[in-house]
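In what follows, a single structure is set out as structure tokens and then discussed.
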Amino acid sequence: MSQRALAHRAGLSFRGVQLIESPDHDARLSSLEQVTRAFGLPAGGLRRAVSTLLLEPPDSLFCASLRILEDGERSWRGHLMNCVDEVRRSRSTAMLETPPAAELPERLQALAAGVAEALAAECGAAPPRWTGGVGPLERPWFVSGYENLKAAALVESPVPFRSRNVFVLANFLERV
């Protein structure tokens, strides 16, 4: 759909649509809702999505995934381990309930599902529902990246990771 057609459907000016698409412009929520409706999405859905995000615990797995996307894929370790620490501190799996952002790379989705299942088991809780939809990677991923640790990872990797073709050492979820 062209910017002009979108502007017409959303009841916004052409310039308004251009500004919404500009990375340097902070669009008003009401303008974004008009665009949402123009695409045929539910009215109020954007406000509900924003409310959901604002209610999410800051160290949740979902927020960790957003931070990874913001800071780059290589930042996953710090953000993921902050979530692990918070779950262990609180002994609550509430921070694991919302799945990671869909834009997260497939291997990090699989890793996050393994982490969520391992932590849920540690807390004596059932794994979050969303983890059942995260299947194995096509190719094995040895998280350490060190060739000489692959054999150890094959043997030590807990089932929630191994079942997704993700291989970690037994102490993967421990902080140094």
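Numbering (this note's numbering), first residue to last: 129 to 304. Just so you know, even glycine gets a beta-carbon here, dropped at the ideal spot from N, CA and C. What you are looking at is a predicted structure, and each value in this text was computed from that prediction instead of being measured.
- Taking proline 255 as the centre and dropping the five residues before and after it, the same chain places the C-beta of Ala244, Glu245, Ala248 closer than 7 Å to its C-beta, in chain order.
- Apart from sequence neighbours up to five positions away, the residues of its chain that approach asparagine 293 with a beta-carbon distance below 6 Å are Pro264, Leu265, Pro268, ordered along the chain.
- A direct Cα-to-Cα measurement between histidine 207 and glutamine 162 gives close to 34 Å.
- For leucine 140 against serine 159, the beta-carbon gap comes to about 6 Å, under 8 Å, which counts as contact.
- Counting only runs of 4 or more residues that sit fully inside the segment 179-215, the alpha helix (DSSP H) segments are 189-199, in chain order.
- Taking 7 Å as the cut-off, the beta carbon of leucine 134 is found no closer than this to the beta carbon of serine 193.
- According to the DSSP assignment, serine 159 belongs to the alpha helix (DSSP H) that extends over 157-166.
- If you draw a straight line from the Cα of alanine 171 to the Cα of phenylalanine 190, it is about 24 Å long.
- Counting of Cβ neighbours within 10 angstroms places arginine 195 among the buried residues, the total reaching 16 or more.
- Note that the C-beta distance between alanine 281 and leucine 301 is not below 7 Å.
- Beta bridge pairing from DSSP links phenylalanine 270 with Phe295.
- For glutamate 231, the secondary structure class from DSSP, reduced to helix, strand or coil, is coil.
- Proximity to threonine 221 across Glu184, Ala166, Ser130, Arg137 peaks at Glu184, based on C-alpha coordinates.
- DSSP, read as helix, strand or coil, puts serine 141 in coil.
- Check the Cα spacing between alanine 238 and each of Cys251, Arg216, Pro288, Ser272: the tightest is with Pro288.
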